[in-house]
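Trainee:
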Amino acid sequence: MKIQLSLNQVWILILSAATGLIHLLLLNILMGKVDLLFTLNGLGFLALAVAFLIPMPFLKPFRGWLRWIFIGYTLLTIAAWVAIGDKSLPGGLLGYFTKLVELCLVYVLWREK
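Each residue of the sequence shown is one higher than the one before, starting from 126 at the first, in our numbering.
The structure is reproduced here in structure tokens:
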């Protein structure tokens with residue numbers, strides 16, 4: 126099975142992989158322990174990227190919904206950081222970087238048709 130991705134879809138893959146891996150691996154390593162919420166959030170980004178980008182016939186009718194769920198999930202992650210995240214500098218710099226990645230992800234998802 127050959128998967129053809131548009132440039133926009135490549136950006137969705139890169140950005141969702143980046144934020145997913147930051148939450149799944151980097152934040153857990155920096156904290157020195159496995160944090161359930163960061164782990165689940167990272168897995169969620171990776172799972173949504175796979176569901177959105179890999180052509181699965183049973184998901185095709187729901188692609189529009191999946192796109193909006195992905196956007197909502199990303200915005201919820203941003204809102205959670207605004208509410209309880211570390212915004213100090215330089216300690217919280219990774220949070221600011223990750224939110225920039227997530228805002229870019231929302232933009233490319235919004236552009237995707």
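Beta carbons: idealized from backbone N, C-alpha and C, even for Gly.
Considering only their Cβ atoms, is the gap separating T144 from L234 smaller than 8 Å?
Mentor: No, the pair does not count as a contact, with Cβ atoms beyond the cut-off.
Trainee: Any idea what DSSP makes of G157, helix, strand or coil?
Mentor: coil
Trainee: Considering only C-alpha positions, which residue in the set L225, L178, A174, L151 is nearest to F163?
Mentor: L151
Trainee: Return yes when the C-beta of S131 is under 7 Å from any heavy atom of the ligand FAD, and no when it is not.
Mentor: Among the components of this structure there are no ligands whatsoever, and the ligand FAD is therefore not found.
Trainee: Does the separation of the CB atoms of A174 and S131 fall below 8 Å?
Mentor: no
Trainee: Out of G216, G217, L201, which one is the CA nearest neighbour of F170?
Mentor: Comparing Cα positions, the closest option is L201.
Trainee: Please go through the same chain and pick out, in chain order, the residues whose beta-carbon is closer than 6 Å to the beta-carbon of T199, but skip the five residues on each side of it.
Mentor: If we look at T199 and ignore the five residues flanking it on each side, its Cβ neighbours are E227, L230, V231.
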